[in-house]
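Q: In this note's numbering, the protein residues as written are 891 to 1230.
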């Protein structure tokens, strides 16, 4: 006998209502995954909109300032902020798309739109960084350029303040739940996490940019500091985006998410005495923070498949951060008969 049970985190709320006494025996209190997710998403949208507007305004200011001062370092820093802005937009888009229902064509939903957007964002910034890197090398070779250091100094100071504010917006969501704060970057998606990484890089950029602008301001003969900063910043951009690219590839290749242990899930299921074997255990990400899990569970003879199904599903949601679970129950005797 084979029984298939599939559920999402939203479906679990209905299961809890139907089996309230059963679930309370296992959990004692309301599980963490039954939360006010809609309110959190609304707060995220407001927070990301504020960060996007702030990022866009200063990014344009740096581009204009870089052109007026003839500073590649300013333009490179603005290009790095463009990745932040792109990541904000990707994350915002994912929050809106997440509410769309599955269709007959898109049976998994539209969650991977976030991953595709993040990939496009990274490839675009690599192209722009390559162009700026080439221009910086040409300046180092020729030294045929002049810099308006006063504009650089002003924008470098503003850059430091802006990036610190952006970092605070991303790092401190204003939630009263400590667990939510701790897991913010992972649960709020790849775009938001990549933006936070870029903001950290931008803070370092701002410090380097401020030092370089002060050097050029007081000692104009050291104008080579501008293209050197551009080269350094370009390398930092490539390094900080590599980790995000690896995560994107992991999602597209449907690998096991890094925050989940294959053996931990296996052991969680085996903690139920009714289960004798687990096979075909698979875990993959629909997008960052939305993990799908499927497995075949062999139960001992005489056990009630429905009850084991409820217990296995509940214990997974209690111990593993997953969005969707599909379990197939197989009875030990039936499996033995097939093998024989």
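Glycine is no exception: its CB is placed at the ideal position from the N, C-alpha and C atoms.
Just so we're clear, the structure is a prediction, and the values are computed from it rather than from any experiment.
Can residue 1011 and residue 1057 be called in contact, C-beta distance under 7 Å?
A: No, the Cβ-Cβ distance between residue 1011 and residue 1057 is not below 7 Å.
Q: Would you identify the three-state DSSP class for residue 1266, choosing helix, strand or coil?
A: This structure gives no information on residue 1266, because the portion of the chain shown stretches from 891 to 1230.
Q: Considering only residues of the region 1186-1230, which uninterrupted alpha helix (DSSP H) runs meet the minimum length of 4 residues and lie entirely inside it, listed in chain order?
A: Counting whole runs of 4 or more residues, the region 1186-1230 contains the alpha helix (DSSP H) stretches 1195-1209 and 1222-1229.
Q: Does the Cβ-Cβ distance between residue 1133 and residue 1041 come in under 7 Å?
A: It is not a contact, given that the beta carbons lie outside the stated cut-off.
Q: Count the CB pairs spanning the region 995-1009 and the region 1110-1121 that are closer than 8 Å, and state whether there are at least three.
A: Short answer: they don't touch.
Q: Should residue 1153 be labelled buried (16 or more other beta-carbon atoms within 10 Å of its own) or exposed?
A: Exposed.
Q: How long is the line joining the alpha carbons of residue 1212 and residue 1044, rounded to whole angstroms?
A: When rounded, the distance between both Cα atoms is 47 Å.
Q: Our contact map puts residue 1159 next to residue 1185 with C-beta atoms below 8 Å; I'd like the distance itself, whole angstroms only.
A: So it is a contact: roughly 7 Å between Cβ atoms.
Q: Tell me whether the beta-carbon of residue 1168 lies closer than 7 Å to the beta-carbon of residue 1156.
A: Taking 7 Å as the Cβ cut-off, residue 1168 and residue 1156 qualify as a contacting pair.
Q: My output table needs one value for residue 1170: the three-state DSSP class, helix, strand or coil.
A: Correct three-state label for residue 1170: strand.
Q: Round the Cβ separation of residue 1055 and residue 944 to the nearest angstrom and send it over; I've been treating them as touching at under 8 Å.
A: Between residue 944 and residue 1055 the Cβ distance is about 7 Å, and since that is below 8 Å, they are a contact.
Q: Less than 7 Å separating the beta-carbons of residue 933 and residue 952?
A: Contact: no.
Q: What would DSSP say about residue 1183, mapped onto helix, strand or coil?
A: Three-state result, residue 1183: strand.
Q: Out of 1013, 995 and 965, point me to the one whose CA is closest to residue 1022's CA.
A: Closest option to residue 1022, Cα to Cα, is 965.
Q: Using DSSP's beta-bridge definition, name the partner residues of residue 1175.
A: Residue 1175 pairs with 1181.
Q: Please report the straight-line C-alpha distance between residue 982 and residue 1172, rounded to a whole angstrom.
A: The alpha-carbon atoms of residue 982 and residue 1172 are separated by roughly 29 Å.
Q: CB residue 1202 to CB residue 1187, shorter than 7 Å?
A: Cβ atoms of residue 1202 and residue 1187: closer than 7 Å.
Q: Helix or strand or just coil, what does DSSP make of residue 1044?
A: Residue 1044 falls in the helix class under three-state DSSP.
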